[in-house]
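Scroll down for the structure; my scribbles are underneath it.
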Amino acid sequence: MSDWVRVPYTELVHRAGRIRQEADTIRAEIRTLKSTVESLQWMGRRAERFFTVWNETLPEMEQWVHILESFAAELEDQARRIQLADESF
Numbered sequence: 004m005s006d007w008v009r010v011p012y013t014e015l016v017h018r019a020g021r022i023r024q025e026a027d028t029i030r031a032e033i034r035t036l037k038s039t040v041e042s043l044q045w046m047g048r049r050a051e052r053f054f055t056v057w058n059e060t061l062p063e064m065e066q067w068v069h070i071l072e073s074f075a076a077e078l079e080d081q082a083r084r085i086q087l088a089d090e091s092f
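Residues 4 to 92 (the working numbering) make up the sequence shown, in order.
This is the structure in structure tokens:
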């Protein structure tokens with residue numbers, strides 16, 4: 004028995020757009036957090052620990068934005084490929 008998944012091309016493109024919106028939301032949140040953290044004037048061991056963890060975590064958060072954008076682009080690309088293949092027959 005074969006499994007089939009049927010999704011209209013427009014739905015794939017729409018979902019890719021939603022994923023891009025979420026990436027933009029995350030990017031804006033990161034900007035807000037960066038601004039807030041940069042304005043902190045905190046000293047001591049706990050501050051050092053916090054800033055160490057922050058500096059380790061920030062690239063990971065930024066990587067998620069890139070991952071979401073890449074996934075959206077791939078989803079759109081696959082939708083176009085499938086549509087072209089279907090329309091060529």
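All C-beta atoms, glycine included, are put in the ideal place defined by N, C-alpha and C. Fair warning: this is a prediction, and the values are worked out from it, not measured in the lab.
Taking C-beta atoms under 8 Å as the contact rule, Glu65 and Ala19 fail to qualify, at a distance of about 20 Å. Pro11 sits in coil when the DSSP states are folded into three classes, being neither helix nor strand. Here Phe92 carries a coil assignment [DSSP, helix/strand/coil]. Here Glu59 is not near Ala26, since their CB atoms are 8 Å or more apart.
As the crow flies, the alpha-carbon of Val68 is around 7 Å from that of Arg30. Asp89 and Glu63 have their alpha carbons spaced roughly 39 Å apart.
Taking all protein chains shown into account, Ile22 has 16 or more neighbouring C-beta atoms within 10 Å of its C-beta and is therefore buried.
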